[in-house]
Every structure is written in structure tokens, then in C-alpha cells.
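Read through the structure below, which is laid out as C-alpha cells, and then see the notes.
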Amino acid sequence: MVSNEGESESPPLPPPPRKRADARRNEETLLEAAGAAFLASGVDAPVRDIAARAGVGIGTIYRHFPTRADLIVAVYRHQVEACAEAGPVLLATSDTPHGALAQWIDLFVDFLVTKQGLAEALRSDDAAFQNLHSYFLDRLVPVCSGLLEAAATAGQILPRIGAYELMRGVGNLCIGAGADRRYNARRMVELLIAGLRPHPDTAADPHAPRG
1480 MVSNEGESES
1490 PPLPPPPRKR
1500 ADARRNEETL
1510 LEAAGAAFLA
1520 SGVDAPVRDI
1530 AARAGVGIGT
1540 IYRHFPTRAD
1550 LIVAVYRHQV
1560 EACAEAGPVL
1570 LATSDTPHGA
1580 LAQWIDLFVD
1590 FLVTKQGLAE
1600 ALRSDDAAFQ
1610 NLHSYFLDRL
1620 VPVCSGLLEA
1630 AATAGQILPR
1640 IGAYELMRGV
1650 GNLCIGAGAD
1660 RRYNARRMVE
1670 LLIAGLRPHP
1680 DTAADPHAPR
1690 G
């Protein structure tokens, strides 16, 4: 805007937040590509393959993530956040709280079974990985707890089911899921979630102890 004579011009407006939004989208694209490469080839997937999937140059990856450990941590955190953010959305949009819980657990299974090579990385001595398990629990246990509480309040699952206990059970069912084609981990998890529904004998009083 042109100023009146003798008056100073107004300071320029700050740039719109579009650049930051674009930068976030670009980073998410890169992390999604890295996650897909890790699923296909493990966490030692060549950087050139990740760059090709993301449609960027290798230098772009190293500019954002100077080391492979930085990239692994970023992918892990990105996927944990996606799983955490999905919980409230599913609870708000699903027909029933039990349906929201079942859909979220399905996403959680996706998270667990696509971590090819990550378990070995997390057991390494690299300091970058030391806090990831705590981060995982801090973000996902409260989300699962909220879904369980909603379903229990609606009388759709048994009461007093602990989120950590359930997630640990799902995790155990997913161990080695890709090593035996005869074993369908997702099917077993579906049976587990179906089994959370109240027993007919306790339908009238969901808080009554079972014999």
C-alpha cells in the first residue's frame, strides 16, 4: 500500500502459513515413503529407494534427516501420532464405541506388523532409540483407554479392561505375523476384540463378577 507523504510505509505482512503447511506435507510424504520402504525392505532400505518413492533427491532426505537413526525415529513417531490422532476421530464418527475400538485396534495392528526390522533397531545401543518405547506408551495407552472407557460405558464390552493389558495382548498375537503364512494375526486379534463383549450371564449387570 502506498503511504501518505511524510508517513512511513506499513511494515510488510508476514508470509502466509502456506509454506509451513507445504513443508509439513512434504515431510509427511517423505515419511510415508520411508515407512513404505521399511515395510518392503526393512529399516536398512537404501536411501535412493526412499527418495524415489518420495519423488525427491537424496540430498533432501539428508537435509531433513542427517542419519538413518534420525529417519527411523521420525517414521516411528509419525506413525505413532497417526494412530493416536485416529482414536478420537473414530470415536466421533463410528456407529458404536465398540466399532471405534475395533477399527482403532485394526490400525494398531497395522502399526505393529509393519515394523520390519524396527525391533532390532530399537534393541540397539543407539541413544536415538532409547525413549521411543516410552513415547509409544505415553501416546497410545491413553487413546486406547478412552476407547475402552467409552465402549464399557455403553455396555458394549466388559468393564475394567486395561488399555496396556489389551495392547500387550494384541502385540503378542502379532509377533512373527509375517513369518508363517498359515497364521493370520489380524484374524486372531478380531476374535480377541469380539471376545470383549459382555457375557450373556452378565448382560443385566455388566459390573457383576464372572464365575
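Numbering (our numbering), first residue to last: 1480 to 1690.
Yeah, the Cβ is synthetic: ideal placement off N, Cα and C, and Gly gets one too.
Values in this document were obtained by computation on a predicted structure and should not be read as measured data.
Inset, instruction - Evaluate residue 1672 with the Cβ neighbour count: other Cβ atoms within 10 Å of its Cβ, from every protein chain shown; 16 or more gives buried, anything less gives exposed. - result: Residue numbering aside, residue 1672 sits at position 193 when the sequence shown is read from its first letter. Per the 10 Å Cβ criterion, buried.
Legend entry - Residue from 1543, 1621, 1542 and 1509 with nearest C-alpha to residue 1528: For the purposes of this step, residue 1528 is taken as residue 49 along the sequence shown, with counting starting at 1. Ranking 1543, 1621, 1542 and 1509 by Cα distance to residue 1528 puts 1509 first.
Legend entry - Environment of residue 1519 [buried if 16+ CB atoms lie within 10 Å]: Locating residue 1519 in the sequence shown gives position 40, where the first residue counts as 1. Counting Cβ neighbours within 10 Å, residue 1519 comes out exposed, since fewer than 16 surround it.
Legend entry - Cut-off 7 Å between Cβ atoms - residues of its own chain near residue 1512, not counting five sequence neighbours on either side: Residue mapping note: residue 1512 aligns to position 33 of the sequence shown, counting from 1. Here the set comprises 1529, 1532 and 1533.
Inset, instruction - May I have a chain-ordered list of the alpha helix (DSSP H) segments no shorter than 4 residues that lie completely inside the stretch 1623-1667? - result: 1642-1653
Legend entry - Where the alpha helix (DSSP H) containing residue 1526 begins and where it ends: In the sequence shown, the residue the question calls residue 1526 occupies position 47. From DSSP, the alpha helix (DSSP H) with residue 1526 extends over 1526-1533.
Inset, instruction - For my contact list, residue 1566 and residue 1626 are in at a C-beta cut-off of 8 Å; report their separation, rounded to the angstrom. - result: Walking along the sequence shown from the start, residue 1566 turns up at place 87. Walking along the sequence shown from the start, residue 1626 turns up at place 147. Contact holds; Cβ gap of about 6 Å.
Inset, instruction - May I have the straight-line CA-CA distance separating residue 1558 from residue 1618, to the nearest angstrom? - result: If you number the sequence shown from 1, residue 1558 lands on position 79. If you number the sequence shown from 1, residue 1618 lands on position 139. Distance between the alpha carbons of residue 1558 and residue 1618 is about 11 Å.
Inset, instruction - Could you spell out the range, first to last residue, of the alpha helix (DSSP H) harbouring residue 1566? - result: Counting from one through the sequence shown, the residue named residue 1566 turns up at place 87. Here the alpha helix (DSSP H) through residue 1566 covers 1547-1572.
Legend entry - Burial state of residue 1494, where buried means 16 or more other Cβ atoms lie within 10 Å: Residue numbering aside, residue 1494 sits at position 15 when the sequence shown is read from its first letter. Note that residue 1494 scores a pLDDT of 48, beneath 50, so its modelled location is shaky; the value from the coordinates is reported in the next line. Classification of residue 1494: exposed, given that the 10 Å Cβ count is below 16.
Inset, instruction - Work out the CA separation of residue 1639 and residue 1686 for me, nearest whole Å. - result: As a working note, residue 1686 is residue 207 in the sequence shown. As a working note, residue 1639 is residue 160 in the sequence shown. Because the pLDDT at residue 1686 is just 48, under 50, the model does not fix this residue reliably, and the value given afterwards should be weighed accordingly. The straight-line gap from Cα to Cα measures roughly 9 Å.
Inset, instruction - Taking 7 Å as the cut-off, decide whether the C-beta atoms of residue 1548 and residue 1501 are in contact. - result: If you number the sequence shown from 1, residue 1548 lands on position 69. If you number the sequence shown from 1, residue 1501 lands on position 22. Their beta carbons are not under 7 Å apart, which means residue 1548 does not touch residue 1501 by this criterion.
Inset, instruction - Within the same chain, show all residues whose beta-carbon is closer than 7 Å to that of residue 1562, passing over the 5 residues directly before and after it, in chain order. - result: On the sequence shown, position 83 is the one that residue 1562 refers to. Result list for residue 1562: 1586, 1587, 1590 and 1619, in chain order.
Legend entry - residue 1536 versus residue 1525 - alpha carbon distance: The residue given as residue 1536 occupies position 57 in the sequence shown. The residue given as residue 1525 occupies position 46 in the sequence shown. Taking the straight line joining both Cα atoms gives about 13 Å.
Inset, instruction - Measure how close the beta-carbons of residue 1575 and residue 1633 come, nearest whole angstrom, since I'm counting them as under 8 Å. - result: The residue you call residue 1575 lines up with position 96 of the sequence shown. The residue you call residue 1633 lines up with position 154 of the sequence shown. Sure, about 7 Å apart at Cβ, within 8 Å.
Legend entry - residue 1582 (DSSP reduced to helix, strand or coil): Position 103 of the sequence shown, counting from 1, holds the residue named residue 1582. The answer is helix: DSSP assigns residue 1582 an H, G or I state.
Legend entry - Cβ-Cβ distance between residue 1653 and residue 1642 below 7 Å: Residue numbering aside, residue 1653 sits at position 174 when the sequence shown is read from its first letter. Residue numbering aside, residue 1642 sits at position 163 when the sequence shown is read from its first letter. No, Cβ-Cβ distance for residue 1653 and residue 1642 is not below 7 Å.
Legend entry - residue 1647 to residue 1616 span [Cα, whole Å]: Position 168 of the sequence shown, counted from the start, is the residue given in the question as residue 1647. Position 137 of the sequence shown, counted from the start, is the residue given in the question as residue 1616. Straight-line Cα distance between these residues: approximately 11 Å.
Legend entry - Rounded C-alpha distance that separates residue 1569 from residue 1560: Position 90 of the sequence shown, counted from the start, is the residue given in the question as residue 1569. Position 81 of the sequence shown, counted from the start, is the residue given in the question as residue 1560. Their backbone Cα atoms lie some 14 Å apart in a straight line.
Legend entry - Whether residue 1554 touches residue 1514 by CB criterion (7 Å): Walking along the sequence shown from the start, residue 1554 turns up at place 75. Walking along the sequence shown from the start, residue 1514 turns up at place 35. Yes, these two residues count as a Cβ contact at 7 Å.
Inset, instruction - Taking all protein chains shown into account, decide if residue 1670 is buried (16 or more other Cβ within 10 angstroms of its Cβ) or exposed. - result: Position 191 of the sequence shown holds residue 1670. By the neighbour-count rule (16 or more Cβ atoms within 10 Å), residue 1670 is not buried but exposed.
Legend entry - For residue 1610, three-class secondary structure by DSSP: As a first step, residue 1610 must be located in the sequence shown, where it is residue number 131. Coil at residue 1610, not helix or strand.
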